[in-house]
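Chemist:
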Amino acid sequence: MYRMAANRFLHHASLVKNSGGSSLLRFPILRTVITSSWFSTYADPQTFPNQTLHPSDSSTSSSSPTTAGDDPRQRRKNPRAEYEEEQDHVLQASLRHVIRFGWSEETMIAGAKEVGVSPSIVGSFPRKEAALVEFFMDDCLQRLIDRIDSGEELRQLIPSQRISKLVRIRLEMQAPYISKWPQALSFQAHPLNVPTSFKQRAMLVDEIWHAAGDEASDIDWYVKRTFLGGIYSATEIYMLTDRSPEFRDTWLFLDDRVKDAFDLKKTLQEATYLAEAVGAGMGSSLQGFVGKVFQR
Amino acid sequence: MAFRLVTRNLRNRISFKLRSASLLHSHATSFGFKEVREEDKSQMVGKVFSNVASNYDLMNDFMSAGLHRLWKDRLVSKLSPFPGMKHLDVAGGTGDVAFRILESINSIRHRALQDTINDDLREETRIYVCDINQNMLNVGKNRALERGLGEDKSLVWVQGDAETLSFEDNSMDGYSIAFGIRNVTHIEKALTEAYRVLKRGGRFLCLELSHVEIPVFKELYDLYSFSVIPRLGEAVAGDRESYQYLVESIRRFPPQERFASMIVDAGFHKVEYENLVGGVVAIHSGLKI
Chain A
1 MYRMAANRFL HHASLVKNSG GSSLLRFPIL RTVITSSWFS TYADPQTFPN QTLHPSDSST
61 SSSSPTTAGD DPRQRRKNPR AEYEEEQDHV LQASLRHVIR FGWSEETMIA GAKEVGVSPS
121 IVGSFPRKEA ALVEFFMDDC LQRLIDRIDS GEELRQLIPS QRISKLVRIR LEMQAPYISK
181 WPQALSFQAH PLNVPTSFKQ RAMLVDEIWH AAGDEASDID WYVKRTFLGG IYSATEIYML
241 TDRSPEFRDT WLFLDDRVKD AFDLKKTLQE ATYLAEAVGA GMGSSLQGFV GKVFQR
Chain B
1 MAFRLVTRNL RNRISFKLRS ASLLHSHATS FGFKEVREED KSQMVGKVFS NVASNYDLMN
61 DFMSAGLHRL WKDRLVSKLS PFPGMKHLDV AGGTGDVAFR ILESINSIRH RALQDTINDD
121 LREETRIYVC DINQNMLNVG KNRALERGLG EDKSLVWVQG DAETLSFEDN SMDGYSIAFG
181 IRNVTHIEKA LTEAYRVLKR GGRFLCLELS HVEIPVFKEL YDLYSFSVIP RLGEAVAGDR
241 ESYQYLVESI RRFPPQERFA SMIVDAGFHK VEYENLVGGV VAIHSGLKI
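Okay, here's the thing in structure tokens:
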């Protein structure tokens with residue numbers, strides 16, 4: 001169930017990142033998104049042929065005879081799909097230039113030239129450089145899902161090891177870009193881009209837990225994902241300064257953190273009991289003290 | 001009573017037919033609030049701009065309280081110019097947008113990050129400034145000289161009509177038209193031409209005065225437009241008529257959504273618009289795929 005939901009989110013995420021609007025989740029059928037600030041109102045009127053805007057304006061109906069007869073939904077999907085396809089092509093080609101130019105406009109211009117499209121298209125990507133980073137994150141997530149689906153090796157491992165392995169697989173995808181990764185992280189941390197990057201990481205963490213065989217649905221669900229999010233981010237940052245061959249130190253770090261987290265679960269339970277006991281003891285003495293104060 | 005009903009129906013039907021006939025009859029167009037023959041419109045517009053050419057920039061500053069500079073900055077930043085770009089600025093007579101694009105490409109920010117390959121590319125940049133009115137182009141050329149861009153071979157001044165451009169198909173990376181499309185007789189033709197000259201992946205950007213819908217602000221804006229601007233035109237440029245035309249042509253121009261659908265009809269993808277100052281100005285953009 002989570003897998004299907006994740007896939008649906010993934011599909012929507014790729015639509016969302018292309019729309020330039022500020023809403024996080026949109027279904028393909030829903031059209032206009034309007035965000036307004038005091039001096040700037042921004043709307044995405046892509047599906048105009050289907051709106052009856054000015055029915056009394058008969059003089060202009062003659063100028064668009066072709067749109068009246070077309071199937072509205074088909075016409076709506078096709079132009080949009082074309083644009084997104086083109087955007088994906090350009091971004092995919094741009095990834096090859098990231099090592100040289102970093103996550104910047106120049107990389108995307110080089111990518112566009114490679115595909116054979118005018119580099120002006122880069123101007124139309126919402127939040128330009130962030131679009132490239134987000135595309136990469138989505139791409140990695142998709143590859144991880146494919147790897148999980150095809151991989152048999154996870155079956156033999158216990159949950160903590162499974163998680164370790166999955167995080168390792170995912171971080172290895174970033175290894176080729178590691179020299180420019182701090183720049184990507186800075187883009188993800190930018191306030192405008194935080195909603196999308198947060199959502200992508202949430203999806204990633206959810207996917208990993210699901211693959212590790214998690215069935216929880218209570219408060220544990222949030223706790224687990226928060227933990228894993230923390231472990232993942234810590235390892236990611238550790239990897240930035242790791243010079244050991246094939247990032248051996250990073251994987252050791254990761255294993256330690258995962259072990260700590262699983263141990264921490266038990267420690268937390270014990271800590272809760274301790275807190276309860278202390279609270280009970282303190283509570284009674286506090287009650288006595290307050291009573292005395294008010295008696296006066 | 002029946003007789004009155006019948007005559008009323010008949011009258012309505014006839015007047016409806018007449019009205020619809022005049023709407024479908026394409027030989028008349030609007031010049032501000034006046035109806036004029038199509039052949040005459042471009043001439044009349046030509047006269048307006050010959051009159052205003054010399055004071056054009058000054059009047060722009062007065063009427064928009066200097067805001068037009070910010071609007072044009074926003075237009076150019078949306079365009080994201082790059083070295084080696086071939087850009088066409090239509091109705092850009094006095095060169096405002098063209099200068100900004102050139103300066104953006106040559107800016108320190110861009111140059112600092114590039115390697116030597118891009119220096120050669122910058123040589124290939126071409127900004128074509130196209131205007132139907134030679135007076136406006138002359139003013140533009142003089143301003144280029146003043147800014148030290150007189151020798152720059154990136155700037156090319158061309159006289160031409162937005163409805164029949166003299167450029168080849170698929171030759172431009174970008175097309176912009178700032179405060180010009182309102183004056184074109186057949187907007188659809190200008191849009192089709194724009195689509196024709198753009199390369200695949202090329203962007204269309206249009207900066208234009210548009211419609212305000214915010215309740216109180218709308219009334220204030222109307223008051224400002226119809227009372228202050230023609231008088232300002234008279235005082236500063238000595239030409240009340242031209243500025244009356246200007247203000248009326250803004251009202252006749254299609255509203256944002258309608259214009260966006262016209263751009264979609266011309267074949268563009270990802271058509272969007274951004275309102276500035278509550279709708280006084282709108283930047284429409286489209287992409288050719």
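Chains as they are written, first to last, in UniProt numbering: chain A, 1 to 296; chain B, 1 to 289. The C-beta atom is built at its ideal place from N, Cα and C for all residues, glycine as well. Keep in mind that this is a model prediction, so the values were computed, not measured.
Can at least three beta-carbon pairs, one atom from the stretch 169 to 183 of chain A and one from the stretch 88 to 99 of chain A, be found at a separation below 8 Å?
Modeler: yes
Chemist: Quick check: what's the CA-CA separation for V48 of chain B versus Q200 of chain A?
Modeler: Here the alpha carbons of Q200 of chain A and V48 of chain B stand approximately 55 Å from one another.
Chemist: Is the separation between the beta-carbon of A282 of chain B and that of E168 of chain B shorter than 9 Å?
Modeler: no
Chemist: How close, in whole Å, do the beta carbons of I177 of chain B and V45 of chain B come, if the pair is a contact with beta carbons under 8 Å?
Modeler: Actually they do not touch by this definition, with Cβ atoms about 14 Å apart.
Chemist: Tell me whether G123 of chain A sits in a helix, a strand or coil according to DSSP, three-state version.
Modeler: Helix at G123 of chain A.
Chemist: Which residues in chain B have a C-beta closer than 8 Å to the C-beta of Y83 of chain A? List them in chain order.
Modeler: H269, K270, L287 and I289
Chemist: For I109 of chain A and chain B, any beta-carbon pair shorter than 9 Å?
Modeler: It does: the Cβ of I109 of chain A has a partner Cβ on chain B nearer than 9 Å.
Chemist: How should N193 of chain A be labelled, buried or exposed, when 16 other C-beta atoms within 10 angstroms of its C-beta is the threshold for buried?
Modeler: Taking every protein chain shown into account, the CB of N193 of chain A has 16 or more other CB atoms within 10 angstroms, so this residue is buried.
Chemist: Counting only the same chain and skipping the five closest in sequence on each side, list residues whose C-beta sits under 6 Å from that of L141 of chain A.
Modeler: L204
Chemist: Would you kindly work out how many angstroms separate the C-alpha atoms of I105 of chain B and S160 of chain A, rounded to a whole number?
Modeler: 53 Å
Chemist: Are the C-beta of F49 of chain B and some C-beta of chain A separated by less than 9 Å?
Modeler: no
Chemist: May I ask which residues mark the beginning and end of the alpha helix (DSSP H) holding M173 of chain A?
Modeler: M173 of chain A -> alpha helix (DSSP H) spans P159 to Q174.
Chemist: For the stretch 29 to 86 of chain B, list the alpha helix (DSSP H) runs that are entirely contained and at least 4 residues long, ordered along the chain.
Modeler: 38 to 52, 56 to 64 and 67 to 79
Chemist: Rounded to the nearest angstrom, how far is the Cβ of L144 of chain A from that of I169 of chain A, given a contact under 8 Å?
Modeler: 6 Å
Chemist: Check whether chain A comes within 9 Å of M63 of chain B, counting only Cβ atoms and requiring the distance to be less than that.
Modeler: no
Chemist: For V278 of chain A, would you say it is in contact with chain B, using Cβ-to-Cβ distances shorter than 9 Å as the test?
Modeler: no
Chemist: Could you tell me which chain B residues have their CB closer than 7 Å to the CB of I121 of chain A, listed as they occur along the chain?
Modeler: Result: G201 and L287.
Chemist: Does the stretch 69 to 89 of chain B come within contact of the stretch 122 to 133 of chain B, defined as at least 3 CB pairs closer than 8 Å?
Modeler: yes
Chemist: Output the boundary residues of the alpha helix (DSSP H) element that contains W157 of chain B.
Modeler: W157 of chain B -> not in any alpha helix (DSSP H); beta strand (DSSP E) instead, spanning L155 to Q159.
Chemist: State yes or no: is the beta carbon of P79 of chain A nearer than 9 Å to at least one beta carbon in chain B?
Modeler: Yes, its Cβ sits closer than 9 Å to a Cβ of chain B.
Chemist: Using 8 Å as the cut-off, can you tell me whether the stretch 157 to 172 of chain B makes contact with the stretch 188 to 201 of chain B, which would need three or more C-beta pairs spanning the two stretches below that distance?
Modeler: Look at the beta carbons and you see the stretch 157 to 172 of chain B touching the stretch 188 to 201 of chain B: at least three pairs across the two are nearer than 8 Å.
Chemist: For M59 of chain B, collect the residues of the same chain with a Cβ closer than 8 Å to its Cβ; drop the 5 residues on either side in sequence, then sort them by chain order.
Modeler: V52, L232, G233, V236, A237 and Y243
Chemist: Rounded to whole angstroms, what's the CA-CA distance from V97 of chain B to P215 of chain B? Just pull it up for me.
Modeler: The C-alpha of V97 of chain B lies about 32 Å from the C-alpha of P215 of chain B.
Chemist: D249 of chain A to D242 of chain A, Cα distance in whole Å?
Modeler: 7 Å
Chemist: Please go through the stretch 198 to 231 of chain A and give each complete alpha helix (DSSP H) segment of 4 or more residues, from N-terminal end onward.
Modeler: Those alpha helix (DSSP H) runs which fall completely within the stretch 198 to 231 of chain A and span 4+ residues do not exist here.
Chemist: Can a CB atom of chain A be found closer than 9 Å to the CB of S80 of chain B?
Modeler: Chain A contact via Cβ: present.
Chemist: Using beta-carbon positions only, say whether K288 of chain B and R143 of chain B come within less than 9 Å of one another.
Modeler: no
Chemist: So, is H284 of chain B buried or exposed, given that buried needs 16 or more other C-beta atoms within 10 angstroms?
Modeler: By the 10 Å Cβ count, H284 of chain B comes out buried.
Chemist: Using DSSP bridges, identify the partner residues of H269 of chain B.
Modeler: B:L287
Chemist: Can you list, in chain order, the residues of its chain with a C-beta nearer than 7 Å to that of Y232 of chain A? Leave out the 5 residues immediately preceding and following it.
Modeler: V167 and V205
Chemist: Taking C-beta to C-beta, are N262 of chain B and G174 of chain B nearer than 9 Å?
Modeler: One detail in the question is off: residue 262 of chain B reads as Met in this sequence, not Asn. With respect to the 9 Å criterion, M262 of chain B and G174 of chain B are not classified as neighbours on the basis of their beta carbons.
Chemist: Under the DSSP definition of a beta bridge, which residues are partnered with V129 of chain B?
Modeler: B:D89 and B:W157
Chemist: Tell me the rounded alpha-carbon separation between G267 of chain B and A65 of chain B.
Modeler: 36 Å
Chemist: Using a C-beta to C-beta distance shorter than 9 Å, which residues of chain A count as neighbours of G174 of chain B?
Modeler: S118, S120 and G123
Chemist: So is Q256 of chain B buried or exposed if we call it buried at 16+ other beta carbons inside 10 Å?
Modeler: buried
Chemist: Which residue marks the beginning of the beta strand (DSSP E) containing R200 of chain B, and which one marks its end?
Modeler: L198 to L209
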